[in-house]
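Asks: Below is the structure I would like to discuss, written out as structure tokens.
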Amino acid sequence: MFNLKKIVLFIAVFAIGFFGTKYFLNTNKATEDNNDWVSLFDGKTFNGWHNYNTKTISDEWQIIDGAMVFTPDPNKDGGINNLVTDNDYTNFKLSIDWKISEGGNSGIFFGVFEDEQFSVPYQTGPEIQVLDDLQHPDKENVTHRSGSLYDMIAPSEEAVKNVGEWNTCIIEINHKTNSGNIWLNEKKIVSFPVEGAEWDTMVSKSKFKDWPAFGKYKTGKIGLQDHGNSVSFRNIKIKEL
0 MFNLKKIVLF
10 IAVFAIGFFG
20 TKYFLNTNKA
30 TEDNNDWVSL
40 FDGKTFNGWH
50 NYNTKTISDE
60 WQIIDGAMVF
70 TPDPNKDGGI
80 NNLVTDNDYT
90 NFKLSIDWKI
100 SEGGNSGIFF
110 GVFEDEQFSV
120 PYQTGPEIQV
130 LDDLQHPDKE
140 NVTHRSGSLY
150 DMIAPSEEAV
160 KNVGEWNTCI
170 IEINHKTNSG
180 NIWLNEKKIV
190 SFPVEGAEWD
200 TMVSKSKFKD
210 WPAFGKYKTG
220 KIGLQDHGNS
230 VSFRNIKIKE
240 L
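Take numbering that gives the first Met the number 0: the last position of the sequence shown gets the number 240, and nothing is skipped along the way.
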């Protein structure tokens with residue numbers, strides 16, 4: 000009887016230790032995975048962002064219902080109120096929701112080098128296209144459609160939602176593996192090298208071929224484009240790789 004009690008007690012202690020440790024490890028792993036992501040937008044303020052080449056935020060950018068919303072002023076010149084992050088990033092995965100207006104055009108930049116010698120972020124930073132694929136005239140060029148690596152690689156399939164609906168875009172840039180990938184609404188639609196001969200060839204065939212600084216900065220800012228049309232962004236987070 001005594002030995003049986005010892006055996007039962009041993010099994011109970013072992014089970015608690017094994018399953019408890021397993022639960023602890025799984026919980027830690029889930030927490031670790033969750034903690035890998037860092038929010039770039041708190042849904043309430045523009046903390047961590049500013050207009051390109053300034054230290055301010057234009058009043059054309061507002062926070063409405065937890066989203067950054069750009070509404071162009073018809074009395075002002077368009078294209079100059081691009082937003083960029085305060086921080087720079089090299090290897091990362093960016094997740095962002097966007098919603099474009101009817102007939103609208105915008106974009107998401109990476110690798111932006113902020114300097115007064117460059118008047119706009121797309122002189123250095125490649126763009127992932129944000130577009131009304133049904134009504135904007137840019138739809139005629141497949142490398143200008145939503146989710147494309149703008150003017151270089153077309154999406155492999157149409158994954159964009161209707162105008163007025165939220166789209167989720169994930170952009171992965173990894174110089175350690177020389178790879179870039181784009182997902183739109185859970186569909187992987189674009190893959191590309193981020194440097195080297197193949198990258199240089201893509202640039203040479205694009206409208207950026209005569210821009211010597213385009214795509215040359217491994218480390219740079221994330222940017223949101225003012226293209227003169229209303230656009231909204233939310234749920235912006237980043238995971239450094």
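Where is the CB? At the ideal position from N, CA and C, for every residue including glycine.
Would DSSP call K43 helix, strand or coil?
Replies: DSSP places K43 in coil when its eight states are reduced to three.
Asks: Run the CB neighbour count on E113, radius 10 Å, all protein chains shown included, and call it buried at 16 or more, exposed below.
Replies: Looking at its Cβ environment, which holds 16 or more other Cβ atoms inside 10 Å, E113 is buried.
Asks: What separation, rounded to the nearest whole angstrom, lies between the Cα atoms of S77 and Y51?
Replies: According to the sequence provided, residue 77 is Gly. The question's Ser does not apply to it. Taking the straight line from one Cα to the other gives about 13 Å.
Asks: What is the DSSP secondary structure of E197, reduced to helix, strand or coil?
Replies: Three-state result, E197: helix.
Asks: Within the same chain, show all residues whose beta-carbon is closer than 6 Å to that of K98, passing over the 5 residues directly before and after it, in chain order.
Replies: Excluding positions up to five away in sequence, the list reads W165 and S231.
Asks: Helix, strand or coil for D35, going by three-state DSSP, please let me know.
Replies: Of the three classes helix, strand and coil, the one that applies to D35 here is helix, per DSSP.
Asks: Report back the beta-carbon spacing between S145 and V162 to the nearest angstrom; my notes put them in contact at under 8 Å.
Replies: Not a contact, Cβ separation roughly 11 Å.
Asks: Looking at C-alpha atoms only, which residue of I181, H49, I63 and T89 is the closest neighbour of Y149?
Replies: Comparing Cα positions, the closest option is I181.
Asks: Could you spell out the range, first to last residue, of the beta strand (DSSP E) harbouring G110?
Replies: From DSSP, the beta strand (DSSP E) with G110 extends over N104 to V111.
Asks: Kindly confirm or deny that the stretch 218 to 237 and the stretch 104 to 118 touch, where touching means at least three C-beta pairs closer than 8 Å.
Replies: Counting Cβ pairs under 8 Å, three or more are found: they touch.
Asks: Between E194 and the rest of its own chain, which residues show a CB-CB distance below 7 Å, the 5 nearest in sequence each way excluded?
Replies: Hits under 7 Å: H174 and N177.
Asks: Could you check if K75 belongs to the surroundings of the ligand GTP, using beta carbon to heavy atom distance under 6 Å?
Replies: Ligands are entirely absent from the displayed structure, and the ligand GTP is therefore not among its contents.
Asks: Kindly indicate the opening and closing residues of the beta strand (DSSP E) around F69.
Replies: F69 -> beta strand (DSSP E) spans A66 to F69.
Asks: Find the nearest neighbour of I278 within the set I169, W48 and G42, judged by alpha-carbon distance.
Replies: The structure shown does not extend to residue 278, since the chain spans only 0 to 240, so no value can be given for it.
Asks: Between the Cα of G227 and the Cα atoms of L133, G106, Q122 and I152, which residue gives the shortest distance?
Replies: Taking only the C-alpha atoms, the option nearest G227 is G106.
Asks: I'd like the list of long-range same chain contacts for E126, defined as Cβ closer than 6 Å, with 5 residues on each side in sequence excluded.
Replies: Once the five neighbours on either side are set aside, the close Cβ partners of E126 are G106, F108 and Y149.
Asks: On the three-state DSSP scale, how would you describe V162?
Replies: In the structure shown, V162 sits in coil (DSSP, three-state: anything other than H, G, I, E or B).
Asks: Between the alpha carbons of T197 and M151, how many angstroms are there, rounded?
Replies: As written in the sequence, residue 197 is Glu, which differs from the Thr given in the question. Each residue's alpha carbon lies about 11 Å from the other.
Asks: Comparing C-alpha positions only, which one of I235, E239 and S229 sits nearest to G103?
Replies: When only C-alpha atoms are compared, the closest one is S229.
Asks: Tell me the DSSP secondary structure of Q122 in three-state form.
Replies: Of the three classes helix, strand and coil, the one that applies to Q122 here is helix, per DSSP.
Asks: To the nearest angstrom, how far is it from the Cα of G179 to the Cα of A66?
Replies: Straight-line Cα distance between these residues: approximately 26 Å.
Asks: Less than 7 Å between the C-beta atoms of L240 and F69, yes or no?
Replies: Result no, Cβ atoms of L240 and F69 do not sit closer than 7 Å.
Asks: What does K238 pair with, by DSSP beta-bridge criteria?
Replies: The partner list for K238 (beta bridge, DSSP) reads W36 and K92.
Asks: Skipping 5 residues on each side, what residues in its chain have a beta carbon closer than 8 Å to that of G42?
Replies: I62, G65, A66 and R233, listed in sequence order.
Asks: Tell me whether H143 sits in a helix, a strand or coil according to DSSP, three-state version.
Replies: Here H143 sits in helix by DSSP.
Asks: Can you name, in chain order, every residue of its own chain whose Cβ lies under 6 Å from the Cβ of F235, other than the five neighbours on each side?
Replies: Reading the sequence as shown, one finds Ile at residue 235 and not Phe. The answer, listed in chain order, is L39, F40 and I95.
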